[in-house]
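Asks:
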Amino acid sequence: MKNKQSYDVIIIGSGFSGSLTALCLLQSGLSVCVLEKDRHPRFAVGESSTPIADMILRSISEEYDLPWLKHFSRYGSWQRHYPDITCGLKRGFSYYKHNPHEQFSTDKFHANQLLVAASVNVEQSDTNWMRSEFDAFLAEKLLEYDIPYFENTEVVSVEQDNSGQWVIDAFENNNDLSIRADFMVDATGSPRFIGKFLGIDSLNDGFETKSRAVFSHFEDVKPWKNYLEENGISTNDYPYNPDYSALHHLLEEGWLWMLRFNNGVTSTGLLLDLQNEDQNSSESPNETWNRIINRYPSLEDLFEHAVTATDPGKMLQTGRLQRRLKRMTGKNWAALPHTAGFVDPMHSTGIAHTLSGLEKLVQIIVESGPNKESLRDDLSAYEQQLIQELKLVDLLVGGSYRSMDHFELFNVYTMLYFIAAISYEQSRLRGEIPSHFLSAGREDIFFFVAQSYNELKHITKDKISVNQVKDFRDRVKNRIEPYNIAGLLDPDANNMYRHTAVEF
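Each residue of the sequence shown is one higher than the one before, counting from 200 in our numbering.
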(Lines of atoms letter the chains of each structure in order from A and count residues from 1; the text may use other names and numbers.)
(Lines give C-alpha, C1' and ligand atoms only; values in the text may rest on other atoms or scores of the structure.)
Protein backbone atom coordinates (compact mmCIF):
# COMPACT_ATOMS: atom_id res chain seq x y z
CA MET A 1 0.00 0.00 0.00
CA LYS A 2 1.39 3.38 -1.01
CA ASN A 3 1.96 6.18 1.48
CA LYS A 4 0.31 9.15 -0.27
CA GLN A 5 1.32 12.68 0.63
CA SER A 6 0.84 16.18 -0.82
CA TYR A 7 2.96 19.35 -0.57
CA ASP A 8 3.38 22.77 -2.09
CA VAL A 9 6.98 22.01 -3.13
CA ILE A 10 9.05 18.87 -3.49
CA ILE A 11 12.84 19.15 -3.55
CA ILE A 12 15.02 16.48 -5.09
CA GLY A 13 18.43 16.34 -3.38
CA SER A 14 19.61 17.26 0.12
CA GLY A 15 22.99 18.83 -0.40
CA PHE A 16 23.36 22.24 1.21
CA SER A 17 21.32 23.89 -1.55
CA GLY A 18 18.37 21.50 -1.33
CA SER A 19 18.17 21.68 2.46
CA LEU A 20 18.49 25.48 2.56
CA THR A 21 15.82 25.84 -0.14
CA ALA A 22 13.46 23.65 1.89
CA LEU A 23 14.08 25.62 5.09
CA CYS A 24 13.51 28.98 3.37
CA LEU A 25 10.27 27.79 1.77
CA LEU A 26 8.99 26.36 5.04
CA GLN A 27 9.74 29.63 6.82
CA SER A 28 7.73 31.37 4.10
CA GLY A 29 4.64 29.33 4.98
CA LEU A 30 4.82 26.64 2.31
CA SER A 31 4.64 22.90 2.87
CA VAL A 32 7.71 21.12 1.52
CA CYS A 33 9.37 17.71 1.46
CA VAL A 34 12.84 16.54 0.43
CA LEU A 35 13.85 13.32 -1.33
CA GLU A 36 17.44 12.06 -1.21
CA LYS A 37 18.77 9.00 -3.05
CA ASP A 38 21.75 8.56 -0.68
CA ARG A 39 22.27 9.35 3.00
CA HIS A 40 24.42 11.67 5.07
CA PRO A 41 27.25 12.06 5.83
CA ARG A 42 28.69 11.68 2.34
CA PHE A 43 31.79 12.93 0.56
CA ALA A 44 31.47 15.99 -1.68
CA VAL A 45 33.69 18.71 -3.09
CA GLY A 46 32.65 22.26 -3.89
CA GLU A 47 34.01 23.53 -0.57
CA SER A 48 35.35 27.06 -0.99
CA SER A 49 33.18 29.94 0.21
CA THR A 50 33.63 33.59 -0.82
CA PRO A 51 32.52 37.03 0.41
CA ILE A 52 29.51 36.85 -1.94
CA ALA A 53 28.45 33.49 -0.54
CA ASP A 54 28.80 34.80 3.01
CA MET A 55 26.74 37.90 2.27
CA ILE A 56 23.93 35.77 0.84
CA LEU A 57 24.00 33.42 3.83
CA ARG A 58 23.50 36.40 6.14
CA SER A 59 20.66 37.74 4.00
CA ILE A 60 18.93 34.35 3.94
CA SER A 61 19.38 34.03 7.69
CA GLU A 62 17.59 37.35 8.28
CA GLU A 63 14.95 37.09 5.55
CA TYR A 64 13.78 33.61 6.53
CA ASP A 65 14.34 33.74 10.31
CA LEU A 66 17.13 31.17 10.41
CA PRO A 67 19.34 32.89 13.02
CA TRP A 68 21.77 29.98 13.39
CA LEU A 69 22.69 30.18 9.69
CA LYS A 70 24.51 33.51 9.94
CA HIS A 71 27.13 31.91 12.20
CA PHE A 72 28.45 29.98 9.20
CA SER A 73 29.10 33.18 7.23
CA ARG A 74 32.36 34.06 8.97
CA TYR A 75 35.22 31.95 10.25
CA GLY A 76 35.19 33.53 13.71
CA SER A 77 31.50 32.98 14.42
CA TRP A 78 31.63 29.47 12.94
CA GLN A 79 34.42 28.54 15.38
CA ARG A 80 32.59 30.03 18.37
CA HIS A 81 29.18 28.50 17.70
CA TYR A 82 29.87 25.28 15.76
CA PRO A 83 33.46 24.19 16.43
CA ASP A 84 32.48 20.52 15.99
CA ILE A 85 31.57 21.07 12.31
CA THR A 86 34.86 21.03 10.42
CA CYS A 87 35.80 23.97 8.25
CA GLY A 88 38.97 25.71 7.10
CA LEU A 89 40.17 29.30 7.25
CA LYS A 90 40.14 31.07 3.89
CA ARG A 91 41.73 34.52 3.85
CA GLY A 92 41.82 34.98 0.09
CA PHE A 93 42.88 33.69 -3.32
CA SER A 94 46.48 32.67 -4.04
CA TYR A 95 48.11 31.79 -7.36
CA TYR A 96 51.59 30.37 -8.01
CA LYS A 97 53.16 29.64 -11.39
CA HIS A 98 55.22 26.43 -11.67
CA ASN A 99 57.46 25.17 -14.48
CA PRO A 100 57.98 21.44 -15.13
CA HIS A 101 61.10 19.86 -13.61
CA GLU A 102 62.00 23.09 -11.77
CA GLN A 103 61.64 24.13 -8.16
CA PHE A 104 59.18 26.97 -7.71
CA SER A 105 61.01 30.30 -7.89
CA THR A 106 60.11 33.96 -7.91
CA ASP A 107 61.71 37.34 -7.20
CA LYS A 108 61.31 40.21 -4.76
CA PHE A 109 58.52 41.62 -6.92
CA HIS A 110 56.58 38.31 -6.69
CA ALA A 111 56.70 37.84 -10.43
CA ASN A 112 55.29 34.29 -10.22
CA GLN A 113 52.83 34.88 -7.40
CA LEU A 114 49.49 36.61 -6.92
CA LEU A 115 47.78 36.93 -3.53
CA VAL A 116 44.41 38.68 -3.24
CA ALA A 117 42.94 39.14 0.24
CA ALA A 118 39.20 38.58 0.58
CA SER A 119 38.92 39.54 4.25
CA VAL A 120 40.49 42.04 6.60
CA ASN A 121 41.22 39.57 9.40
CA VAL A 122 40.75 36.00 10.60
CA GLU A 123 37.53 36.80 12.48
CA GLN A 124 35.74 37.96 9.31
CA SER A 125 37.31 35.46 6.96
CA ASP A 126 35.60 33.14 4.53
CA THR A 127 35.69 29.41 5.08
CA ASN A 128 36.25 26.07 3.39
CA TRP A 129 33.26 23.85 4.09
CA MET A 130 33.77 20.20 4.98
CA ARG A 131 30.76 19.29 2.92
CA SER A 132 30.16 15.87 4.45
CA GLU A 133 29.66 17.50 7.86
CA PHE A 134 27.98 20.74 6.81
CA ASP A 135 25.49 19.04 4.49
CA ALA A 136 24.69 16.47 7.20
CA PHE A 137 24.09 19.28 9.70
CA LEU A 138 21.61 20.94 7.35
CA ALA A 139 19.84 17.63 6.70
CA GLU A 140 19.40 17.27 10.47
CA LYS A 141 17.89 20.76 10.49
CA LEU A 142 15.19 19.50 8.11
CA LEU A 143 14.07 17.04 10.77
CA GLU A 144 14.40 19.66 13.51
CA TYR A 145 12.01 21.90 11.55
CA ASP A 146 9.65 18.93 10.93
CA ILE A 147 10.23 18.91 7.18
CA PRO A 148 9.44 15.45 5.76
CA TYR A 149 12.81 14.12 4.63
CA PHE A 150 13.30 10.78 2.92
CA GLU A 151 16.83 9.35 2.63
CA ASN A 152 17.84 6.26 0.65
CA THR A 153 14.89 6.98 -1.61
CA GLU A 154 14.75 5.92 -5.23
CA VAL A 155 12.43 7.91 -7.48
CA VAL A 156 10.60 5.53 -9.80
CA SER A 157 8.43 7.85 -11.87
CA VAL A 158 7.80 11.58 -12.32
CA GLU A 159 4.62 12.78 -14.04
CA GLN A 160 2.46 15.88 -14.28
CA ASP A 161 -1.33 15.71 -14.23
CA ASN A 162 -3.60 17.94 -16.30
CA SER A 163 -3.52 20.66 -13.65
CA GLY A 164 0.29 20.79 -13.72
CA GLN A 165 0.69 19.14 -10.33
CA TRP A 166 3.58 16.71 -9.94
CA VAL A 167 2.99 13.08 -9.09
CA ILE A 168 6.20 11.39 -7.95
CA ASP A 169 6.36 7.72 -7.05
CA ALA A 170 9.36 6.57 -5.05
CA PHE A 171 10.66 3.63 -3.03
CA GLU A 172 12.04 4.32 0.45
CA ASN A 173 13.23 1.69 2.91
CA ASN A 174 10.84 -0.97 1.61
CA ASN A 175 7.98 1.52 1.52
CA ASP A 176 6.20 2.84 -1.56
CA LEU A 177 5.73 6.60 -1.62
CA SER A 178 3.39 8.61 -3.81
CA ILE A 179 3.94 12.34 -3.46
CA ARG A 180 1.98 15.14 -5.07
CA ALA A 181 3.43 18.65 -5.22
CA ASP A 182 2.58 21.91 -6.97
CA PHE A 183 6.23 22.71 -7.72
CA MET A 184 9.45 20.69 -8.07
CA VAL A 185 13.03 21.88 -7.47
CA ASP A 186 15.99 19.86 -8.73
CA ALA A 187 18.78 20.39 -6.20
CA THR A 188 20.73 17.25 -7.09
CA GLY A 189 23.71 19.15 -8.52
CA SER A 190 23.66 16.84 -11.55
CA PRO A 191 21.78 16.78 -14.87
CA ARG A 192 20.91 13.09 -14.50
CA PHE A 193 17.55 13.40 -12.72
CA ILE A 194 16.17 15.94 -15.19
CA GLY A 195 17.56 13.92 -18.08
CA LYS A 196 16.04 10.66 -16.90
CA PHE A 197 12.57 11.86 -15.90
CA LEU A 198 11.98 14.97 -18.05
CA GLY A 199 14.05 13.94 -21.07
CA ILE A 200 16.10 17.15 -21.14
CA ASP A 201 19.65 16.87 -22.46
CA SER A 202 22.78 18.30 -20.89
CA LEU A 203 25.08 20.05 -23.38
CA ASN A 204 28.82 20.75 -23.23
CA ASP A 205 29.22 22.61 -26.49
CA GLY A 206 29.54 26.39 -26.61
CA PHE A 207 31.97 26.62 -23.69
CA GLU A 208 35.38 28.25 -23.96
CA THR A 209 36.61 26.23 -20.97
CA LYS A 210 37.42 22.57 -21.46
CA SER A 211 38.65 20.76 -18.34
CA ARG A 212 38.32 17.68 -16.17
CA ALA A 213 39.36 16.88 -12.59
CA VAL A 214 41.39 14.30 -10.65
CA PHE A 215 40.94 14.84 -6.92
CA SER A 216 40.61 13.58 -3.36
CA HIS A 217 41.12 14.52 0.27
CA PHE A 218 44.60 14.03 1.74
CA GLU A 219 46.27 13.95 5.13
CA ASP A 220 49.84 15.02 5.96
CA VAL A 221 50.25 17.49 3.11
CA LYS A 222 53.16 19.82 3.91
CA PRO A 223 52.08 23.47 4.29
CA TRP A 224 53.06 25.55 1.26
CA LYS A 225 54.32 28.40 3.46
CA ASN A 226 56.72 25.97 5.14
CA TYR A 227 58.04 24.90 1.76
CA LEU A 228 58.59 28.50 0.64
CA GLU A 229 60.48 29.44 3.77
CA GLU A 230 62.58 26.25 3.69
CA ASN A 231 63.66 27.24 0.19
CA GLY A 232 64.54 30.83 1.00
CA ILE A 233 61.42 32.45 -0.47
CA SER A 234 60.32 35.23 1.85
CA THR A 235 56.68 35.54 2.87
CA ASN A 236 57.23 38.55 5.14
CA ASP A 237 55.21 40.92 2.96
CA TYR A 238 52.35 38.49 2.30
CA PRO A 239 48.87 39.79 3.21
CA TYR A 240 48.10 36.39 4.81
CA ASN A 241 49.40 32.86 5.19
CA PRO A 242 48.79 31.27 1.75
CA ASP A 243 47.81 27.94 3.34
CA TYR A 244 44.78 29.74 4.70
CA SER A 245 43.48 30.56 1.24
CA ALA A 246 42.21 28.98 -1.94
CA LEU A 247 45.57 27.91 -3.35
CA HIS A 248 45.86 27.69 -7.13
CA HIS A 249 49.11 26.12 -8.40
CA LEU A 250 49.33 26.88 -12.12
CA LEU A 251 50.88 24.10 -14.20
CA GLU A 252 51.58 23.28 -17.82
CA GLU A 253 48.71 20.77 -17.76
CA GLY A 254 46.22 23.01 -15.96
CA TRP A 255 46.17 23.83 -12.25
CA LEU A 256 46.01 22.29 -8.78
CA TRP A 257 43.65 23.40 -6.02
CA MET A 258 44.49 23.09 -2.32
CA LEU A 259 42.01 23.84 0.49
CA ARG A 260 42.99 23.11 4.08
CA PHE A 261 40.67 22.16 6.92
CA ASN A 262 41.13 22.45 10.67
CA ASN A 263 41.23 18.67 11.13
CA GLY A 264 44.44 18.15 9.14
CA VAL A 265 42.69 17.19 5.91
CA THR A 266 43.50 19.00 2.65
CA SER A 267 41.15 18.97 -0.32
CA THR A 268 43.27 18.78 -3.45
CA GLY A 269 42.52 18.36 -7.12
CA LEU A 270 44.12 18.63 -10.53
CA LEU A 271 42.13 20.51 -13.16
CA LEU A 272 43.45 19.33 -16.52
CA ASP A 273 43.09 21.43 -19.64
CA LEU A 274 41.54 19.15 -22.25
CA GLN A 275 42.80 21.44 -25.00
CA ASN A 276 46.25 19.98 -24.27
CA GLU A 277 45.56 16.54 -22.77
CA ASP A 278 45.40 13.22 -24.58
CA GLN A 279 41.73 12.37 -24.03
CA ASN A 280 42.24 8.77 -25.12
CA SER A 281 44.61 8.02 -22.25
CA SER A 282 43.80 4.85 -20.31
CA GLU A 283 45.54 6.07 -17.15
CA SER A 284 43.92 5.47 -13.78
CA PRO A 285 43.31 8.52 -11.53
CA ASN A 286 46.34 7.52 -9.43
CA GLU A 287 48.58 7.23 -12.49
CA THR A 288 47.51 10.63 -13.78
CA TRP A 289 48.00 12.19 -10.35
CA ASN A 290 51.47 10.72 -9.80
CA ARG A 291 52.66 11.50 -13.32
CA ILE A 292 51.77 15.18 -13.06
CA ILE A 293 52.73 15.82 -9.43
CA ASN A 294 56.12 14.19 -10.06
CA ARG A 295 56.83 16.66 -12.88
CA TYR A 296 56.90 19.54 -10.37
CA PRO A 297 59.55 19.17 -7.65
CA SER A 298 57.88 21.67 -5.32
CA LEU A 299 54.57 19.83 -5.43
CA GLU A 300 56.30 16.48 -5.14
CA ASP A 301 57.84 17.76 -1.91
CA LEU A 302 54.43 18.79 -0.54
CA PHE A 303 52.95 15.35 -1.14
CA GLU A 304 55.99 13.27 -0.16
CA HIS A 305 54.33 11.93 3.00
CA ALA A 306 50.70 12.59 2.07
CA VAL A 307 48.08 9.83 2.05
CA THR A 308 44.48 9.87 0.88
CA ALA A 309 42.08 10.53 3.72
CA THR A 310 39.70 7.81 4.94
CA ASP A 311 36.86 9.61 3.18
CA PRO A 312 36.80 9.08 0.20
CA GLY A 313 39.82 6.79 0.62
CA LYS A 314 40.86 6.89 -3.04
CA MET A 315 41.56 9.17 -6.00
CA LEU A 316 38.51 10.21 -8.01
CA GLN A 317 38.20 11.63 -11.51
CA THR A 318 35.61 13.22 -13.74
CA GLY A 319 34.98 13.53 -17.43
CA ARG A 320 34.66 16.97 -18.92
CA LEU A 321 33.21 19.30 -16.29
CA GLN A 322 31.52 21.90 -18.48
CA ARG A 323 27.80 21.30 -18.97
CA ARG A 324 24.51 23.13 -19.32
CA LEU A 325 20.95 21.83 -19.34
CA LYS A 326 19.10 22.53 -22.57
CA ARG A 327 16.21 23.73 -20.40
CA MET A 328 16.66 24.85 -16.79
CA THR A 329 13.04 25.59 -15.92
CA GLY A 330 9.60 24.57 -17.15
CA LYS A 331 5.99 24.31 -16.09
CA ASN A 332 6.10 24.25 -12.28
CA TRP A 333 9.73 23.15 -12.01
CA ALA A 334 13.21 24.67 -11.85
CA ALA A 335 16.82 23.59 -11.42
CA LEU A 336 19.18 25.24 -8.97
CA PRO A 337 22.42 26.58 -10.54
CA HIS A 338 24.71 23.58 -10.00
CA THR A 339 22.08 21.30 -11.52
CA ALA A 340 21.53 23.74 -14.39
CA GLY A 341 25.19 23.96 -15.35
CA PHE A 342 28.81 24.19 -14.26
CA VAL A 343 32.10 25.52 -15.61
CA ASP A 344 35.15 24.86 -13.39
CA PRO A 345 36.34 25.37 -9.77
CA MET A 346 38.68 28.22 -10.77
CA HIS A 347 38.10 31.27 -8.54
CA SER A 348 35.66 29.35 -6.27
CA THR A 349 32.44 30.44 -7.94
CA GLY A 350 30.39 27.30 -7.16
CA ILE A 351 28.94 27.86 -3.67
CA ALA A 352 28.24 31.55 -4.26
CA HIS A 353 26.54 30.89 -7.60
CA THR A 354 24.33 28.22 -6.05
CA LEU A 355 23.31 30.50 -3.17
CA SER A 356 22.61 33.35 -5.56
CA GLY A 357 20.25 31.17 -7.60
CA LEU A 358 18.65 29.69 -4.48
CA GLU A 359 17.89 33.15 -3.14
CA LYS A 360 16.20 34.19 -6.40
CA LEU A 361 14.27 30.95 -6.92
CA VAL A 362 12.84 30.88 -3.40
CA GLN A 363 11.59 34.43 -3.88
CA ILE A 364 9.95 33.48 -7.19
CA ILE A 365 8.16 30.46 -5.71
CA VAL A 366 6.98 32.35 -2.63
CA GLU A 367 5.80 35.49 -4.43
CA SER A 368 4.12 33.84 -7.42
CA GLY A 369 1.47 32.09 -5.33
CA PRO A 370 -1.51 31.10 -7.49
CA ASN A 371 -0.49 33.48 -10.29
CA LYS A 372 0.67 30.92 -12.85
CA GLU A 373 1.38 33.53 -15.53
CA SER A 374 3.69 35.46 -13.20
CA LEU A 375 5.43 32.21 -12.24
CA ARG A 376 6.03 31.29 -15.87
CA ASP A 377 7.49 34.70 -16.69
CA ASP A 378 9.66 34.78 -13.57
CA LEU A 379 11.02 31.28 -14.23
CA SER A 380 11.84 32.26 -17.80
CA ALA A 381 13.76 35.30 -16.52
CA TYR A 382 15.55 33.11 -13.93
CA GLU A 383 16.64 30.72 -16.69
CA GLN A 384 17.97 33.53 -18.86
CA GLN A 385 19.89 34.86 -15.87
CA LEU A 386 21.48 31.45 -15.29
CA ILE A 387 22.51 31.22 -18.94
CA GLN A 388 24.10 34.67 -18.83
CA GLU A 389 25.87 33.89 -15.55
CA LEU A 390 27.35 30.67 -16.94
CA LYS A 391 28.54 32.58 -20.00
CA LEU A 392 30.33 35.15 -17.85
CA VAL A 393 31.93 32.54 -15.59
CA ASP A 394 33.03 30.62 -18.68
CA LEU A 395 34.71 33.72 -20.14
CA LEU A 396 36.45 34.47 -16.85
CA VAL A 397 37.64 30.89 -16.37
CA GLY A 398 38.36 30.19 -20.04
CA GLY A 399 40.61 33.24 -20.18
CA SER A 400 42.44 32.06 -17.08
CA TYR A 401 43.28 28.76 -18.80
CA ARG A 402 44.21 30.52 -22.02
CA SER A 403 46.67 32.82 -20.21
CA MET A 404 48.05 30.25 -17.75
CA ASP A 405 51.31 29.71 -19.64
CA HIS A 406 52.15 33.40 -19.36
CA PHE A 407 51.74 34.44 -15.73
CA GLU A 408 51.72 38.19 -16.32
CA LEU A 409 48.84 37.79 -18.76
CA PHE A 410 47.08 35.50 -16.28
CA ASN A 411 47.60 38.07 -13.54
CA VAL A 412 46.02 40.82 -15.63
CA TYR A 413 43.11 38.73 -16.85
CA THR A 414 42.29 37.42 -13.36
CA MET A 415 41.55 40.97 -12.24
CA LEU A 416 38.37 40.84 -14.33
CA TYR A 417 36.97 38.21 -11.96
CA PHE A 418 37.75 40.32 -8.91
CA ILE A 419 36.16 43.39 -10.48
CA ALA A 420 32.99 41.41 -11.25
CA ALA A 421 32.93 40.09 -7.67
CA ILE A 422 33.52 43.53 -6.14
CA SER A 423 30.76 45.03 -8.30
CA TYR A 424 28.29 42.43 -7.04
CA GLU A 425 29.39 42.93 -3.43
CA GLN A 426 29.00 46.70 -3.68
CA SER A 427 25.44 46.28 -4.96
CA ARG A 428 24.53 44.17 -1.96
CA LEU A 429 26.11 46.72 0.39
CA ARG A 430 23.69 49.27 -1.08
CA GLY A 431 20.82 47.00 -0.07
CA GLU A 432 20.23 45.67 -3.58
CA ILE A 433 19.92 42.04 -4.66
CA PRO A 434 21.58 42.00 -8.09
CA SER A 435 19.60 40.28 -10.82
CA HIS A 436 22.68 38.30 -11.90
CA PHE A 437 25.54 36.56 -10.10
CA LEU A 438 28.88 38.42 -10.53
CA SER A 439 26.96 41.33 -12.12
CA ALA A 440 26.62 39.28 -15.32
CA GLY A 441 23.51 41.28 -16.17
CA ARG A 442 25.41 44.57 -16.32
CA GLU A 443 26.12 45.25 -19.98
CA ASP A 444 29.24 47.26 -19.21
CA ILE A 445 30.87 44.50 -17.15
CA PHE A 446 29.89 41.66 -19.47
CA PHE A 447 31.09 43.68 -22.47
CA PHE A 448 34.55 44.48 -21.12
CA VAL A 449 35.06 40.87 -20.01
CA ALA A 450 34.07 39.58 -23.46
CA GLN A 451 36.18 42.24 -25.16
CA SER A 452 39.21 41.37 -23.03
CA TYR A 453 38.71 37.66 -23.66
CA ASN A 454 38.63 38.14 -27.43
CA GLU A 455 41.80 40.21 -27.28
CA LEU A 456 43.47 37.57 -25.13
CA LYS A 457 42.43 34.89 -27.60
CA HIS A 458 44.11 36.83 -30.38
CA ILE A 459 47.30 37.51 -28.38
CA THR A 460 47.80 33.87 -27.38
CA LYS A 461 47.53 32.48 -30.91
CA ASP A 462 51.23 33.10 -31.54
CA LYS A 463 54.37 33.89 -29.60
CA ILE A 464 53.61 36.63 -27.09
CA SER A 465 55.73 39.79 -27.12
CA VAL A 466 56.53 42.07 -24.20
CA ASN A 467 54.68 44.92 -25.92
CA GLN A 468 51.56 42.82 -26.34
CA VAL A 469 51.51 42.07 -22.63
CA LYS A 470 52.04 45.72 -21.72
CA ASP A 471 49.32 46.91 -24.12
CA PHE A 472 46.88 44.31 -22.82
CA ARG A 473 47.60 45.31 -19.23
CA ASP A 474 47.04 48.98 -20.05
CA ARG A 475 43.75 48.28 -21.83
CA VAL A 476 42.39 46.12 -19.00
CA LYS A 477 43.50 48.62 -16.36
CA ASN A 478 41.66 51.40 -18.20
CA ARG A 479 38.51 49.30 -18.55
CA ILE A 480 38.29 48.39 -14.88
CA GLU A 481 39.25 51.83 -13.56
CA PRO A 482 35.65 53.03 -12.91
CA TYR A 483 35.03 49.97 -10.71
CA ASN A 484 38.51 49.45 -9.26
CA ILE A 485 38.11 50.48 -5.62
CA ALA A 486 40.74 47.92 -4.54
CA GLY A 487 43.78 49.23 -6.44
CA LEU A 488 44.04 46.17 -8.67
CA LEU A 489 46.93 46.26 -11.18
CA ASP A 490 48.72 48.87 -9.09
CA PRO A 491 52.40 48.28 -10.00
CA ASP A 492 53.46 49.22 -6.46
CA ALA A 493 51.41 46.34 -5.02
CA ASN A 494 53.84 43.74 -6.46
CA ASN A 495 50.99 41.25 -6.85
CA MET A 496 50.16 41.42 -3.13
CA TYR A 497 46.67 42.86 -2.58
CA ARG A 498 45.67 43.45 1.03
CA HIS A 499 42.53 45.53 0.73
CA THR A 500 40.11 44.03 -1.80
CA ALA A 501 37.64 42.98 0.91
CA VAL A 502 34.41 44.98 1.01
CA GLU A 503 33.41 46.64 4.27
CA PHE A 504 30.38 44.92 5.76
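Note that beta-carbon positions come from the ideal geometry of N, C-alpha and C, so glycine has one too.
Helix, strand or coil for Asn-489, going by three-state DSSP, please let me know.
Replies: Correct three-state label for Asn-489: helix.
Asks: Suppose the cutoff is 7 Å on Cβ atoms and the five residues either side in sequence are ignored; what does the same chain contact list for Phe-703 look like?
Replies: Because the pLDDT at Phe-703 is just 49, under 50, the model does not fix this residue reliably, and the value given afterwards should be weighed accordingly. Contacts found: Met-254 and Leu-628.
Asks: List the endpoints of the continuous beta strand (DSSP E) containing Trp-532.
Replies: Per DSSP, Trp-532 belongs to the beta strand (DSSP E) from 532 to 534.
Asks: What residue range does the alpha helix (DSSP H) around Trp-277 cover?
Replies: Run containing Trp-277: 274 to 280, per the alpha helix (DSSP H) assignment.
Asks: Check for me: the alpha helix (DSSP H) holding Asp-673 runs from which residue to which?
Replies: Where Asp-673 is concerned, the enclosing alpha helix (DSSP H) stretches over 665 to 679.
Asks: What is the DSSP secondary structure of Arg-641, counted as helix, strand or coil?
Replies: Coil at Arg-641, not helix or strand.
Asks: Could you give the residue range of the beta strand (DSSP E) that holds Ser-260?
Replies: First-last for Ser-260: 250 to 262, but that is the alpha helix (DSSP H), not the beta strand (DSSP E).
Asks: Does the Cβ of Ile-684 have 16 or more other Cβ atoms within 10 Å, making it buried, or fewer, making it exposed?
Replies: Answer is exposed; the Cβ neighbour count stays below 16.
Asks: Note down, one range per segment and in chain order, each beta strand (DSSP E) of at least 3 residues found wholly within the stretch 340 to 365.
Replies: Counting only runs of 3 or more, we get 352 to 359.
Asks: Determine which residues share a DSSP beta bridge with Val-315 and list them.
Replies: BP columns for Val-315 point to Phe-292 and Tyr-696.
Asks: Among all the DSSP beta bridges, which residues are the ones paired with Gly-540?
Replies: In DSSP, Gly-540 forms a bridge with Arg-523.
Asks: How many angstroms separate the CA atom of Leu-470 from the CA atom of Val-413?
Replies: Answer to the nearest angstrom: the Cα atoms are 7 Å apart.
Asks: Here's the rule I'm using: 16 or more other beta-carbon atoms within 10 Å means buried, otherwise exposed. How should His-239 be labelled?
Replies: The residue in question, His-239, is buried, as its Cβ has 16 or more Cβ neighbours within 10 Å.
Asks: Name the residue from Ser-276, Tyr-348 and Tyr-281 whose alpha carbon lies nearest to the alpha carbon of Glu-322.
Replies: The option with the nearest alpha carbon to Glu-322 is Ser-276.
Asks: Just to confirm, is the Cβ distance from Gly-217 to Val-233 under 7 Å?
Replies: Cβ atoms of Gly-217 and Val-233: closer than 7 Å.
Asks: Measuring CA to CA, which of Ser-356, Pro-536, Glu-654 and Arg-697 is closest to Gly-180?
Replies: The structure shown does not extend to residue 180, since the chain is modelled only from 200 to 703, so the question has no answer here.
Asks: Can you grab the Cα-Cα spacing for the pair Met-527 / Leu-688, in whole Å?
Replies: Cα to Cα, Met-527 sits roughly 37 Å from Leu-688.
Asks: Tell me, which residues are paired with Leu-470 by DSSP?
Replies: BP columns for Leu-470 point to Ala-412 and Trp-454.
Asks: Looking only at its own chain, which residues have a Cβ that is under 6 Å from the Cβ of Arg-459, when we skip the five neighbours before and after it?
Replies: Taken in chain order, the residues that qualify are Gly-287, Asp-442 and Thr-465.
Asks: Quick check on Tyr-206: does DSSP put it in helix, strand or coil?
Replies: Three-state DSSP puts Tyr-206 in a strand.
Asks: Would you report the Cα separation of Asp-237 and Gln-204, rounded to the nearest angstrom?
Replies: Taking the straight line from one Cα to the other gives about 21 Å.
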